[in-house]
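Trainee: Residue numbers for the sequence shown follow my numbering, so the first one is 302 and each next one is one higher. All residues carry an ideal CB built from backbone N, CA and C; glycine is no exception. Could you have a look at this structure, given as structure tokens, before my questions?
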Amino acid sequence: CMGLKIVAKFGGTTLAGGGRMKHLAYLVDDMARENEVVVVVSAMDGVTDRLIELATYAEKGRRGQMDSLLRKIRFQHLKAVKEGISDEKIKVVVERKVKDILGELAHVLAGIAQLKELTSRSRDYVLSFGERLSASIVEGVFKDRGLKVSCFTGGEAGIVTDSNFGNGRPLMDVSRHLVRERLTPLVESGVIPIVAGFIAVDQHGVYTTLGRGGSDYTATILGVALGADEVWLWTDVDGLMTADPRVVSSAHVIESISFPEAVEMALLGAKGMHPRALEPAMEAGLPVRIR
Ligand code: ADP
Ligand code: ASP
Ligand code: MG
């Protein structure tokens, strides 16, 4: 039977801990039996907010608050490694990688604290750590399940943006070319690429971000570049809803909605997705499902 090519993005709400990540491994294993799958991950729940706070502490030179929040982030990720990975060898490798990434984060923050200066460029560098950490852990959890995977940052996967830090716009021609060149051979040979959402690089190779909620955007950029059949955005609600269910208790799932209406909702402030995430999908007629 003919499978589909699917880009599956997992939001931070679905990555809250190692146990949840194991469940994602099960879902992806199941999807990959009949389909070609590319996975996009957000940072673990709450981590991007914490990184923003960290950057602010660093800018003000508040080293005490910085160190205590850094410890929380460290604990949160190492706990996910412990809970999500059973195989000792895989666990040791991932733990090492996570500690290395956290070491780099501590260095960057120390630099910002020393200068007491936070630029939009250094802020994006700080924000890049959330997805780099989660993608590395998810890679380990998936390997633990026996899946064939390969882990990429957004830039490594081929997503290049302008240098508008904090709200990078993808340069679609170059990104399409690089993404195809780097991911297509893998996907065709049965490997599942795991791509860190939200982050990319500019043309000088410097980290950029796509704006808050940007992993959705990563997924549609990859979907269009790879000529996918569908993009699936996995989250903690069953779909796009008439209103934020945390605010309006009578909110219900919208079965189906046109791109222009969904974009209008996003622009009016429905937090269901990134306001520009649907642009590439709409242009390419690529269906997006919220699951
Ligand atoms: P994710 O990490 O999966 O991207 P987000 O927190 O970014 O999660 O978005 C999912 C949350 O968005 C839901 O838990 C829901 O409370 C909230 N939300 C706000 N508006 C909407 C809406 N119109 N439809 C669906 N969810 C919405
Ligand atoms: N981690 C980023 C954010 O919180 C991107 C995303 O989750 O989509 O905005
Ligand atoms: Mg989101």
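Going by DSSP, what residue range makes up the beta strand (DSSP E) through Lys-310?
Mentor: On the sequence shown, position 9 is the one that residue 310 refers to. Counting along the chain, the beta strand (DSSP E) containing Lys-310 begins and ends at 306-311.
Trainee: With distances taken Cα to Cα, identify the nearest neighbour of Phe-311 among Val-502, Leu-403, Ala-497.
Mentor: Sequence index remark: in the sequence shown, residue 311 carries index 10 (1-based). The candidate whose alpha carbon is nearest that of Phe-311 is Ala-497.
Trainee: Can you tell me where the alpha helix (DSSP H) with Thr-462 in it begins and where it stops?
Mentor: By 1-based counting over the sequence shown, the position of residue 462 is 161. It is not in any alpha helix (DSSP H) - Thr-462 carries neither H nor E in the DSSP assignment.
Trainee: Excluding the 5 residues preceding and the 5 following Ala-582 in the sequence, name in chain order all residues of the same chain whose CB lies nearer than 8 angstroms to its CB.
Mentor: For the purposes of this step, residue 582 is taken as the residue at position 281 of the sequence shown. Here the set comprises Thr-521, Gly-524, Val-525, Val-532, Phe-560, Pro-588, Val-589.
Trainee: Tell me whether Asp-401 counts as near the ligand MG, meaning its Cβ is closer than 7 angstroms to at least one heavy atom of that ligand.
Mentor: On the sequence shown, residue 401 is found 100 positions in, with the first residue counted as 1. For the ligand MG, not one heavy atom lies less than 7 angstroms from the Cβ of Asp-401.
Trainee: Measuring only the C-alpha atoms, how far is Gly-304 from Ile-493?
Mentor: In the sequence shown, residue 304 corresponds to position 3, counting from 1. In the sequence shown, residue 493 corresponds to position 192, counting from 1. Cα-Cα distance, rounded: 15 angstroms.
Trainee: Nearest CA to the CA of Glu-405: which residue from Ala-381, Gly-431, Ser-476?
Mentor: By one-based count along the sequence shown, residue 405 stands at place 104. Ranking the options by Cα distance to Glu-405, first place goes to Gly-431.
Trainee: Hey, quick one: how far does the alpha helix (DSSP H) through Phe-376 stretch, first residue to last?
Mentor: If you number the sequence shown from 1, residue 376 lands on position 75. First-last of the alpha helix (DSSP H) with Phe-376: 364-385.
Trainee: Which residues does DSSP list as the beta-bridge partners of Ser-451?
Mentor: Taking the first residue of the sequence shown as position 1, residue 451 is located at position 150. DSSP lists Pro-494 as partners of Ser-451.
Trainee: When the Cβ atoms of the region 567-581 are set against those of the region 536-549, are three or more pairs found closer than 8 angstroms?
Mentor: yes
Trainee: Between Cys-302 and the rest of its own chain, which residues show a CB-CB distance below 6 angstroms, the 5 nearest in sequence each way excluded?
Mentor: The count along the sequence shown starts at 1 and reaches residue 302 at position 1. Here Cys-302 scores only 49 on pLDDT, less than 50, and its place in the model should not be relied on; the value that follows carries that caveat. So the list is empty, once near-sequence residues are dropped.
Trainee: Classify Leu-541 as helix, strand or coil using the three-state DSSP reduction.
Mentor: Taking the first residue of the sequence shown as position 1, residue 541 is located at position 240. Residue state, collapsed to three classes: coil.
Trainee: Tell me whether Ile-591 is buried or exposed, calling it buried when 16 or more other Cβ atoms sit within 10 Å of its Cβ.
Mentor: Counting from one through the sequence shown, the residue named residue 591 turns up at place 290. Classification for Ile-591: buried.
Trainee: To which residues of the same chain is Gly-385 closer than 6 angstroms at the C-beta, ignoring the five residues directly before and after it?
Mentor: Looking up residue 385 in the sequence shown gives position 84. Excluding sequence neighbours, Gly-385 sits near Gly-319, Met-322, Lys-323, Val-442.
Trainee: Closest to Thr-315 by C-alpha separation, out of Glu-584, Ile-555, Leu-534, Ala-407, would be which residue?
Mentor: Along the sequence shown, one-based indexing puts residue 315 at 14. Per the Cα distances, Leu-534.
Trainee: Just the Cα atoms here: how many angstroms apart are Ala-529 and His-575?
Mentor: For this step, residue 529 is matched to residue 228 along the sequence shown. For this step, residue 575 is matched to residue 274 along the sequence shown. Roughly 20 angstroms separates the two Cα atoms.
Trainee: Shorter than 7 angstroms, the distance from the beta carbon of Gly-362 to the closest heavy atom of the ligand MG, or not?
Mentor: Here residue 362 corresponds to residue number 61 of the sequence shown, with the count starting at 1. No, the Cβ of Gly-362 stays beyond 7 angstroms of every heavy atom of the ligand MG.
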